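In our numbering, the protein residues as written are 839 to 963. Down below is the structure, laid out as structure tokens.
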Amino acid sequence: MAKGKHPGGRPKKLTEGAEIQAKIDTYFAECAAREEMPTITGLALALDVSPETLRVAALDGREFSATIKKAKARVVAAWEQALVKGSSGAIFWLKNCARWRDKQEIDHTHRIEDFLKQLASEDDD
């Protein structure tokens with residue numbers, strides 16, 4: 839009997855949703871036991887993939903991409919909680935890894951017509 843052609847490439851490491859969730863739960867439990875902050879890189883290492891692979895897996899719509907997104911959200915939530923404790927390192931982590939930004943948003947909603955009317959009424963006084 840002839841064998842089918844190999845599809846090529848390396849087999850994917852992230853294939854089973856339940857197995858991935860078990861590794862994620864183990865990672866967070868180990869972080870808690872060691873009193874360490876979880877990280878995206880640490881999560882990737884626990885899943886035996888690169889951080890880039892983890893990022894792509896969260897975005898590519900596989901059946902377990904929601905699991906990856908939720909795990910990444912747990913990492914960000916842990917760093918957000920560190921802010922409550924006054925950790926300045928958490929601020930830098932959130933800015934660099936979770937896309938937090940220091941910015942002010944100024945809403946300019948005045949219409950030029952209103953401004954011109956106001957100027958005209960001041961000239962009349």
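Every residue, glycine too, gets a C-beta built ideally from N, C-alpha and C. Owing to the predicted nature of the structure, the values given are computational and were not obtained by experimental measurement.
Could you tell me the boundaries of the alpha helix (DSSP H) in which Ser926 lies? Element bounds for Ser926: Ser926 to Cys935.
Among Lys861, Ala896, Ile862 and Asp945, nearest to Lys907 - alpha-carbon criterion: Out of Lys861, Ala896, Ile862 and Asp945, Ala896 has the C-alpha closest to the C-alpha of Lys907.
Am I right that Leu932 and Ala909 are in contact with their C-beta atoms under 8 Å? What's the rounded C-beta distance? The pair is not a contact, with the Cβ atoms about 17 Å apart (cut-off 8 Å).
Same chain, Cβ closer than 6 Å to Ile944, five either side skipped, listed in chain order: Correct list: empty, nothing qualifies.
Is it the case that the Cβ atoms of Val913 and Thr877 are separated by a distance below 8 Å? The answer is yes: Cβ separation under 8 Å.
Proximal residues to Glu902 (C-beta, below 6 Å), its chain only, five neighbours per side dropped: Per the sequence presented here, residue 902 reads as Phe, with Glu not at that position. Excluding residues within five positions, the ones whose Cβ falls inside 6 Å are Gly855 and Ile858.
Where the alpha helix (DSSP H) through Leu885 begins and ends: Note, Leu885: premise wrong, no alpha helix (DSSP H); not H, not E.
Alpha carbon of Arg893 to alpha carbon of Ala936, nearest angstrom: Arg893 and Ala936: Cα-Cα distance of roughly 12 Å.
Own chain residues within Cβ distance below 6 Å of Leu921, not counting five before or after: Around Leu921: Ala928.
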